[in-house]
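Undergrad: Residue numbers (the numbering used here): 322 to 709.
Shown next, in the form of structure tokens:
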């Protein structure tokens, strides 16, 4: 029982001792295995040039130890680093690297129920015996450690007969400072689908006299000042098509005038086509289509959500004009628009309008009427656009 306890204590002691054979260093940066291997490649790149002064009698060499901080370099990674050093040393042509399976980091031996563990070679005689067995001239040892910004590596060769250091060189490489992370991309502007624009101009509504009923001079069109506002909704599929909803006011500035009818002075009433009416309301809905878009500017490229300008666009719409004295005139029309700048544009259009007779005056001879409708035109002299 005592022997087992002693064996266990010896086991722990040897494991701790084997850990002490690793060189500790200060690592201020956390490197991945791939980054460490790349740094080792850079460090040992000129190792063959340093090996020109190896004594000529040292020809057959075995790698016996690779010391490193195990908190940074794992055992499998250390074996990879050892392999890289062996391959680079062999490429110099000065020495022949010999594989020595007898070299193990920990040896285990047992006798009469007692387990004995030892780390590496225990005596120089063991090293000499290995050298004689493999006909070695030298033994190579590597050692590496990190500081806050540098990898240091020392490679030594011992004479296998007398353990004298016959060649030693220290190599180093500065640990690359990782570049700062790129700044996050600026947030994209919120894509807007709804826009609004305002316009003012002139408009005309066709008039026709009724023989024997109208009794006054009838101009071809009643003319209006026009003020409108339009909301446009862009579709998610294309920027070239927008749904529109518009409404506005018509203010008469040229229409029917008073005249003599059958010798009796007749004054026309204040209607939507005669006299002075403050406003006539209209509304319409439609679809606006970009026919000839203007080429994208630098501003458009920088901001993909700004409104592309149109050399020519059209809008097909249906609507209604609430002419006083009628039930409302339905319209079906088309408009053409052209952008002057990103904010300003002009437009013109015409519509077919249903017709109705409306009373323009009352007299002893009977109500005077005129036919309203047929054609309607509208010219926006200037429009202000606030569209996405």
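Note that beta-carbon positions come from the ideal geometry of N, C-alpha and C, so glycine has one too.
#1: I'd like the span of the beta strand (DSSP E) that includes residue 492, first residue to last.
#2: Could you tell me which of 403, 400, 528 sits nearest to residue 592, measuring between CA atoms?
#3: Check this for me: beta carbons of residue 680 and residue 649, under 7 angstroms apart or not?
#4: What are the start and end residues of each continuous beta strand (DSSP E) run of 3 or more residues lying completely inside the region 356–435, in chain order?
#5: In chain order, which continuous runs of the beta strand (DSSP E) of length 3 or greater are located wholly inside the region 622–682?
#6: Helix, strand or coil: how does DSSP classify residue 469 here?
#7: Take the Cβ of residue 689 as the centre, count every other Cβ of all protein chains shown within 10 Å, and call the residue buried at 16 or more, exposed below.
#8: How far does the beta strand (DSSP E) with residue 518 in it reach, from first residue to last?
#9: Which class does residue 700 belong to by DSSP, given the choice of helix, strand or coil?
#10: Who pairs with residue 553 in a beta bridge, going by DSSP?
#11: Could you check where the beta strand (DSSP E) with residue 445 kicks off and where it finishes?
#12: Please classify residue 581: does DSSP put it in a helix, a strand, or coil?
#13: Three-state secondary structure (DSSP) at residue 354?
#14: Taking only three categories from DSSP, how would you classify residue 327?
#15: Compare the beta carbon distance of residue 642 and residue 603 with 7 angstroms and say whether it is the shorter of the two.
#16: Identify every residue that forms a DSSP beta bridge with residue 614.
#17: Rounded to a whole number of angstroms, what is the C-alpha to C-alpha distance between residue 605 and residue 506?
#18: Count the other C-beta atoms from every protein chain shown that fall within 10 angstroms of the C-beta of residue 555, then say buried if there are 16 or more, exposed otherwise.
#19: Report yes if the CB atom of residue 674 is closer than 7 angstroms to the CB atom of residue 697, and no otherwise.
#20: Give the straight-line distance between the Cα atoms of residue 464 and residue 490, rounded to the nearest whole angstrom.
#21: If we ignore side chains and look at the alpha-carbon of each, how far apart do residue 599 and residue 638 end up?
#22: Taking the CB atoms as reference points, tell me whether residue 452 and residue 485 lie closer together than 7 angstroms.
#23: Given this structure, state the Cα-to-Cα distance separating residue 386 from residue 419, to the nearest angstrom.
#24: Can the beta-carbon of residue 594 be found less than 7 angstroms from the beta-carbon of residue 543?
TA: Per the coordinate set shown:
#1: Residue numbering aside, residue 492 sits at position 171 when the chain shown is read from its first letter. Where residue 492 is concerned, the enclosing beta strand (DSSP E) stretches over 486–495.
#2: Translated into the one-based positions of the chain shown, residue 592 becomes position 271. Nearest option by C-alpha distance: 528.
#3: One-based indexing of the chain shown puts residue 680 at position 359. One-based indexing of the chain shown puts residue 649 at position 328. No. Outside cutoff.
#4: 381–388, 427–432
#5: 631–642, 650–660, 665–682
#6: By 1-based counting over the chain shown, the position of residue 469 is 148. The answer is coil: DSSP assigns residue 469 none of H, G, I, E or B.
#7: Your numbering for residue 689 matches position 368 in the chain shown. Answer is buried; the Cβ neighbour count reaches 16.
#8: Here residue 518 corresponds to residue number 197 of the chain shown, with the count starting at 1. Note, residue 518: beta strand (DSSP E), 515–530.
#9: Start at 1 with the first residue of the chain shown, and residue 700 comes out as number 379. The answer is strand: DSSP assigns residue 700 an E or B state.
#10: As a working mapping, residue 553 is identified with position 232 in the chain shown. Answer is 516, 565, bridged to residue 553.
#11: Translated into the one-based positions of the chain shown, residue 445 becomes position 124. Boundaries for residue 445: no beta strand (DSSP E) harbours it, while the alpha helix (DSSP H) harbouring it runs 445–454, taken from the DSSP string.
#12: Numbered from 1 along the chain shown, position 260 holds the residue referred to as residue 581. A caution first: residue 581 carries a pLDDT of 46, below 50, which makes its placement in the model unreliable, though a value can still be read off. Correct three-state label for residue 581: strand.
#13: Walking along the chain shown from the start, residue 354 turns up at place 33. Three-state result, residue 354: helix.
#14: Here residue 327 refers to the residue found at position 6 of the chain shown. Model confidence at residue 327 stands at a pLDDT of 49, short of 50, so the residue's coordinates are unreliable; what they give is reported in the following sentence. Correct three-state label for residue 327: helix.
#15: Position 321 of the chain shown holds residue 642. Position 282 of the chain shown holds residue 603. Yes. Within cutoff.
#16: The residue labelled residue 614 in the question sits at position 293 within the chain shown. In the DSSP output, where bridge partners are listed per residue, residue 614 has 631.
#17: Walking along the chain shown from the start, residue 605 turns up at place 284. Walking along the chain shown from the start, residue 506 turns up at place 185. One C-alpha to the other measures close to 43 angstroms.
#18: Along the chain shown, one-based indexing puts residue 555 at 234. With 16 or more other Cβ atoms within 10 Å, it is buried.
#19: Locating residue 674 in the chain shown gives position 353, where the first residue counts as 1. Locating residue 697 in the chain shown gives position 376, where the first residue counts as 1. Yes; because the gap between Cβ atoms is below 7 angstroms, this pair is in contact.
#20: As a first step, residue 464 must be located in the chain shown, where it is residue number 143. As a first step, residue 490 must be located in the chain shown, where it is residue number 169. Roughly 11 angstroms between the two C-alpha positions.
#21: Within the chain shown, residue 599 is the residue found at index 278, counting from 1. Within the chain shown, residue 638 is the residue found at index 317, counting from 1. Rounded to the nearest angstrom, the two C-alpha atoms are 25 angstroms apart.
#22: Within the chain shown, the letter at position 131 stands for residue 452. Within the chain shown, the letter at position 164 stands for residue 485. Their beta carbons are not under 7 angstroms apart, which means residue 452 does not touch residue 485 by this criterion.
#23: The residue labelled residue 386 in the question sits at position 65 within the chain shown. The residue labelled residue 419 in the question sits at position 98 within the chain shown. Approximately 14 angstroms, taken between the alpha carbons.
#24: Taking the first residue of the chain shown as position 1, residue 594 is located at position 273. Taking the first residue of the chain shown as position 1, residue 543 is located at position 222. Contact: yes.
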